[in-house]
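So the structure is just underneath, and the comments pick up after that.
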Amino acid sequence: MNAVLIALLLLPLAGAAATLVPFGADRATADRRALWFGTGVTGATLALAVALAIGFDQDRPAVMQAVTNVRWIPAIDVRLHLGVDGISLPLLVLTALLTFLCALYSTRRLPAGEGVPSVQSFTGLLLLLEVGMLATFAVLDLVLFFVAFEVVLIPMYFLIARWGSGAKVPAANRFILYTLLGSAVMLLGFLLIGFKAGTFDMTRLAAAHGDGLSHTTQVVAALAILLGLAVKAPAWPLHSWLPDAHTAAPTVGSVLLAGVLLKMGTYGLVRVLLPVVPEGAATFAPYLGAFAAVGIVYGSLACLALARQGAKGDLKRLIAYSSVGHMGFVLLGIASLTPAGVNGALFGNIAHGLITGLLFFLVGAVKDRYGTSDLDTLAGATGAALYGRAPRIGALLAFAAVASLGLPGLAGFWGELLAMFGAFDPAAGLSRPAFVTYMVLAGVGTLLTAGYLLVVVRRVCMGDPKQPALVTELPDIKAYEAASWTPLAALTLVAGLWPALLLSLSDPAVKHLLGGG
Amino acid sequence: MNPLAVADPGGLIQSVDWVAVAPPLVAALAALAVLVADLFLPTGRKRVLGWASAVGLLLALLSMLPLVRGDARSTFCLKAAGGACSYTADHFALAFQLLALGGALIAVLLSLHTVDEERLPGGEYWFLLLSSASGAALLPASRDLATLIIALEVASLPAFALVALRRDGRGAEGALKFFLSSVTATAVMLLGVGFVYAATGSIHLAPIAEGLAHVPGQLKPLAEAGAVLTLVGFAFKVAAVPFHFWLPDTYTAAPIPVAGYLSVVGKAAGLAGLALVTTIAFHPYGHTWGLVLAVLAALTMTVGNVAALRQRGDTPFSAVRLLAWSSVGQAGYLLVPLAAAGYQGSPQPLGATVAYALIYGVVNLGAFGVAAVVARTAGTRLDDHRGLFARGRWSALAMAFFLLCLAGLPPGVIGLFGKVVVFRAAVDAKLGWLAVVMAVNVVIALYYYLLWTARLFAPAPAGAEVRAVRTPGPLAAALALTAGGAVVLSVAPQLVLQVVGGSLF
Chain A
42 MNAVLIALLL LPLAGAAATL VPFGADRATA DRRALWFGTG VTGATLALAV
92 ALAIGFDQDR PAVMQAVTNV RWIPAIDVRL HLGVDGISLP LLVLTALLTF
142 LCALYSTRRL PAGEGVPSVQ SFTGLLLLLE VGMLATFAVL DLVLFFVAFE
192 VVLIPMYFLI ARWGSGAKVP AANRFILYTL LGSAVMLLGF LLIGFKAGTF
242 DMTRLAAAHG DGLSHTTQVV AALAILLGLA VKAPAWPLHS WLPDAHTAAP
292 TVGSVLLAGV LLKMGTYGLV RVLLPVVPEG AATFAPYLGA FAAVGIVYGS
342 LACLALARQG AKGDLKRLIA YSSVGHMGFV LLGIASLTPA GVNGALFGNI
392 AHGLITGLLF FLVGAVKDRY GTSDLDTLAG ATGAALYGRA PRIGALLAFA
442 AVASLGLPGL AGFWGELLAM FGAFDPAAGL SRPAFVTYMV LAGVGTLLTA
492 GYLLVVVRRV CMGDPKQPAL VTELPDIKAY EAASWTPLAA LTLVAGLWPA
542 LLLSLSDPAV KHLLGGG
Chain B
46 MNPLAVADPG GLIQSVDWVA VAPPLVAALA ALAVLVADLF LPTGRKRVLG
96 WASAVGLLLA LLSMLPLVRG DARSTFCLKA AGGACSYTAD HFALAFQLLA
146 LGGALIAVLL SLHTVDEERL PGGEYWFLLL SSASGAALLP ASRDLATLII
196 ALEVASLPAF ALVALRRDGR GAEGALKFFL SSVTATAVML LGVGFVYAAT
246 GSIHLAPIAE GLAHVPGQLK PLAEAGAVLT LVGFAFKVAA VPFHFWLPDT
296 YTAAPIPVAG YLSVVGKAAG LAGLALVTTI AFHPYGHTWG LVLAVLAALT
346 MTVGNVAALR QRGDTPFSAV RLLAWSSVGQ AGYLLVPLAA AGYQGSPQPL
396 GATVAYALIY GVVNLGAFGV AAVVARTAGT RLDDHRGLFA RGRWSALAMA
446 FFLLCLAGLP PGVIGLFGKV VVFRAAVDAK LGWLAVVMAV NVVIALYYYL
496 LWTARLFAPA PAGAEVRAVR TPGPLAAALA LTAGGAVVLS VAPQLVLQVV
546 GGSLF
C-alpha cells in the first residue's frame, strides 16, 4: 500500500522530468506525442489513486494508512512522512481525476497560437502541478506540506501567464504574489510550532493536541497559518487575486485552480490548524466564521451584479466569485469546530471541486465556440438559447448550475447543509448567537446564489434560437468533451444521492482530529 | 649577547603537521608552479596552465580527505603553558576550506574560456586566482590574529589584480575602488588588532578571550575600541552595509567568473574571519557584538535586497549588478547566525552560517556561470536573459533552479532549508525581530528572483540578436557541477545540514 502512495507521487514527477527530453524531430509530432504522454501518465496516476482507494481499509478511516515514515533531514528533524486517511483520500482521488480529465481535454483543446510555448512544456508543467497537489494531500510533515504547497505555484504561474488570455501576466503575478506572501507568513507559523514543539510531524502534533505549546505560541502560530491558508482558500477579504486569475487562466488552469488548489487551503486548516493549535483555532474561529459569512454574501452579490444585463459580466469571472461564496461555506463549517461542520466542509470541498470543475469546463467550451465569455455579448437581446442550439451543452450547464446552487439530491447540497448545521450548534466555548447570525447570513447567501445561477441559466440556456447570434455554427458536445465531463456529472449525482460514501470516510477521521484521541 | 642565549634552543624547533596544513599549502604550491611554468611555456601552450590550476585545486581538495575523519588537528603551537596554536584543522576550518577551494575550482572552470577570449594574461590570472584561493583556505584554520590578517591579505590582494586584469577603464576603476576600500579596512583592522594585543598581551584567539575577561580597568576602553575596529575591518570584507559601496562596481568591472569568485570565496573568507574573531576571541563581549552584528545583518539584507529590487532590466551589466546586490542581501542572512551566537554565548548557531554559506556558494557560482554563458551569446543585461529557454533549455533550467534556490522557493528546496536553519538560529537566540526582518527580506528577494525566472521563459523579444555559440566544455562542466550539486543537495539536504547539528570547533 505505501508503495502505491509513493508511486502516486513519483510517477507524475518522473513524467514531468521526461518531458525535458525531446519527443520528436518536428514540432507537430512532438506535440501530439506530448499530449498523449500527458494523458497516459495522468491516467496511470488516476489508476494508482483508485487502487489506493480500493486498498484503503474503510473500517478504520481515522487511522493513517499506506504510511511511509523515514528520516530525511535529521538536522532539523524533517521526516519523509506520507500517509492517507479518510480526510485526504477523497481529495487525492479528486486531484488525480481532475488532472486526468484536464489532460484528456487538452489533447484536443489546447490554446495555441503566437507566443504560446510548446505542448511539451505544457505537459511537463501539468505533471509538476499534479505532483505538488497530490503531495500536499499526502504528506504528514509541516515542512513537507509547505514545500508541496509551494511546488504548485510555479507551474500554475506559467499556465496562467503563458497559456492564458487577456491580462494574463498581471493576473499571474498577482496570483503568485498573494500566495507567496501568505505562505511566507504560514511558514513562520510552521517554524514556530516546529521549534517550540520539537517536531514537525503532523500526526504527533495532532495527537498532542496543543500540549507543550503555550497559549501565546498557539495564538501567534494560528494567526500566521490562518493568514497563509486564507489567502489560498480564498477567504474574503483576501480573495481578490482569484477572479483575475480565473478570468485569465486557460480552461484546464481554471479547472485545477478551482477544483484542487483552493482545497489545499481548507485542507490545511483542517489538517494543521484545528488539531495542532486548538487554542489558537478557538481564538480565531469567530473571526473566521464572520469572514466566511461575509464571503458567502459578498460572493453571491458580486455574482448577481455580474449576471445583470448590461453589466459586461464575464462568465469565468462570475464562477470565480461564486467560488468565493462556496468556499465561504467550507470555511464556515471549519470555523464551527464541530464534527458536523468540518465534515460539511470536507464534503463541500469535494462537491465544489466536482461542480466548479464541470462549470469551468462548460464555460471554457462556450468561450471556445463563441470566442468570448462576456455574458452580454453571448446572451444578445433574448438569451444565448443553448437549449435550442446546442441542447446537450445547455442541459449540462443547467445541471451544473443547479448542483452549484445546492439542489437536494446533488453534491452541492450536503456540504452547505452540514456547514450551516455546524454553525447552528457551534463547539463549546464559541459564541452561539454569533454563529447563528453567520448561519442566517449563509442562508441568505444560498438564496442569492440560487438567484444568480438561475439568471445565468436563463440568459445562457434560454432565449430565441432564431435571433442573430455571434456564430452561425454551434457544434454540440463533442466526444472528447463528453469523455472529460461525464465523470464529473456522474460523481456529482452519486455524491448527492449517497453522501454516506464520503461522510463515512471523513467522519471518524474528523472526530479523531478534533478529539485528539 | 650570545646568540644562543635561549634557554632551550631545541624547544624552538617544532614538528609541523604537514597533513593538517596541506589544503592551503597545496594550493599555494600550485600557484607557484603555475607562475614558474608560465615563464617556460610557449605562447601557444598557455592553455595548459588553466587545466594545471584546476588539477592543483583538485589535489588541494583531495588533501582534505585525511582530515575529515578524527579529531581536530592543530599545529604551530606555543610551547608555553596553555599551548595556543596558530593553525587548527577542525570542522569549521574544513567546511570553509571546502567552500574556498571548491569555489575556486568552479571559478577556474568558468574562466578557462574567458582567459582565452578576453586575452587576459594567462600565467598571471591563474597564479593570482590560486594565491587568493590558498589565502582563503588558510584563513578559516588560522587561530591567531597575525595569521588571520596575513591570510586575509593573501586572499584579497591578488583579487584586486584579478579585477584589474581586464585592461579597460572600468576594470581599473573597479579595482581601484576595491583596493582603496579594502586597504582602508585592513589599516583599521590592524589598528584594532594592535589595541587588542596591547590590552590582552596575546595574539592567539583563545588567550585573547581569557585576557579580555580580566583586562585592567584603565585598558578596558582600549580593548573595546580594538574589538570594534577589528570587527569593522572584517565587515568591509564581507561587504556588510554600510561598508558595501565598493561591491557592485567591482563586480561589474571584473570578468564574470572573478565576480562569482569574489561573491563566494571572498565573502566566505571575510565571514570565516568574522566568525572566528567574534565567537572565540571576543567571546566575553558577546552581547555587544551580538547586537552590532544583528543590526548589521538587518541593514545589510534590507539594503541589498531593496537595491536589487530597483535594478532595471535594460541597463548594461544589470544581470551582474543584480547578482552583486543580491549577494549583499545574502551576506545579511549569513550574518544572522553570527549575531545569534553572540546572544547565546556559544558558537553553536554558527553551523547555520556554515551550512548556508556552502549552499549559497554552490548556487551563486552557478548563477554567475549562466550569466557568463548569456554574456557570451546575448549580453550582460537582464533583458538579454529573456527567452533563454528557447535558445538553450538546459542553461535556462539551471538558471531557474539556481534563482529559486537563492530565493528559497520550492523546487529549490535546499535554499529553503538553508533559510530555515538560519531562521531557527535567530528564533533560538530570541532574536524574533531579526527573524521578522529576514522574512520580509526573503519576500522582497522572492519578487526579483521570480521576475528574473519568468524572464527566462518569456518569449524572446522580436529582432533580438543572438549569436549561436556553443557553450565551451569547461563552462558547461562548471554548470553541470553546480546544478548537479544543487539538485543532489535538494534531494538529500542532510549532506550539508549535518554541520548544523555537529560540533564545529
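Respectively, the protein sequence lines represent chains A and B. Positions 42 to 558 (my numbering) are the ones given, in order, by the first sequence. Positions 46 to 550 (my numbering) are the ones given, in order, by the second sequence. Built from N, CA and C at the ideal position, the CB exists for glycine as well.
Look at Val119(A): its C-beta is under 9 Å from a C-beta on chain B. Taking CB atoms only, Val487(B) has a neighbour in chain A less than 9 Å away.
Proximity to Leu458(A) across Leu387(A), Phe440(A) and Gly354(A) peaks at Leu387(A), based on C-alpha coordinates. According to DSSP, Asn110(A) shares a beta bridge with His122(A). The beta carbon of Gly127(A) sits closer than 7 Å to those of Pro102, Ala103, Leu546, Ser547, Pro549 and Ala550, all from its chain and outside the five residues before and after it, given in chain order. DSSP places Ala134(B) inside the beta strand (DSSP E), whose first and last residues are Cys130 to Ala134.
A straight-line Cα-Cα distance of about 7 Å links Gly457(B) and Ser535(B). With the rule of 3 Cβ pairs closer than 8 Å, the stretch 282-290 of chain B counts as touching the stretch 304-320 of chain B. Partner residues in the beta bridge of Thr120(B), as assigned by DSSP, are Tyr132(B).
Within the same chain, Thr86, Leu89, Ala90, Leu93, Leu133, Ala137, Leu175 and Ala179 come within 8 Å of Leu49(A) by CB-CB distance, once the 5 residues on both sides are set aside. Under DSSP, the beta-bridge partners assigned to Ser187(B) are Tyr132(B). The beta-bridge partner set that DSSP reports for Val180(A) consists of Leu123(A). With fewer than three CB-CB distances shorter than 8 Å, the stretch 340-355 of chain A does not count as touching the stretch 244-261 of chain A. Bounds of the alpha helix (DSSP H) holding Gln539(B) are Gln539 to Gly546. Two segments are said to touch when three or more pairs of C-beta atoms, one from each, lie closer than 8 Å; by this definition the stretch 451-466 of chain B touches the stretch 398-415 of chain B.
The Cβ atoms of Gly207(A) and Phe190(A) do not sit closer than 9 Å to each other. Using a CB distance cut-off of 9 Å, Phe434(B) counts as an interface residue toward chain A.
Setting aside the 5 residues that flank it on each side, Asp242(A) is surrounded in the same chain by Arg120, His122, Leu181 and Asp182, each with a C-beta closer than 7 Å to its C-beta; the list follows chain order.
Closer than 9 Å to the CB of Pro300(B) there is not a single CB belonging to chain A.
Along the stretch 463-474 of chain B, the positions whose C-beta sits under 8 Å from a C-beta of chain A are Val465, Val466, Phe468, Arg469, Val472 and Asp473, read in chain order. For Leu543(A), same chain residues with a beta-carbon under 8 Å away, outside a window of 5 residues either side, are Pro131, Leu387, Phe388, Ile391 and Ala536 in chain order. Between the alpha carbons of Trp277(A) and Gly340(A) lies a gap of roughly 9 Å. Under the 9 Å criterion on CB atoms, Leu461(B) is classed as interfacial with respect to chain A.
Under DSSP, Asp242(A) forms a beta bridge with Asp182(A). Segment contact: the stretch 373-391 of chain B against the stretch 334-341 of chain B, three or more CB-CB distances shorter than 8 Å; contact assigned.
For Val501(A), the closest alpha carbon among the candidates Ala426(A), Thr70(A), His553(A) and Pro516(A) is that of Ala426(A). Our two residues, Leu246(A) and Ala323(A), have alpha carbons roughly 17 Å apart in a direct line.
Taking a contact to require three or more Cβ pairs closer than 8 Å, the stretch 122-132 of chain B and the stretch 144-164 of chain B do not qualify as touching. For Ala262(A), the closest alpha carbon among the candidates Leu359(A), Asp100(A), Leu228(A) and Pro291(A) is that of Leu228(A). As the crow flies, the alpha-carbon of Thr177(A) is around 40 Å from that of Leu154(B). Rounded to the nearest whole angstrom, the C-alpha separation of Gln142(B) and Gly89(B) is 33 Å. By the Cβ test, the stretch 128-139 of chain B is not in contact with the stretch 263-278 of chain B, since fewer than three Cβ pairs between them sit closer than 8 Å.
Minimum Cα-Cα distance from Val260(A) among the listed residues Ala326(A), Gly470(A) and Ile518(A) corresponds to Ala326(A). By the Cβ neighbour-count rule, Arg430(A) is buried, with 16 or more other Cβ atoms within 10 Å of its own. Within the stretch 202-277 of chain B, the complete alpha helix (DSSP H) segments at least 4 residues long are 214-245 and 250-258, listed from N- to C-terminus. Distance check between Ala289(A) and each of Val335(A), Ala334(A) and Lys408(A) places Lys408(A) closest, using alpha-carbon atoms only.
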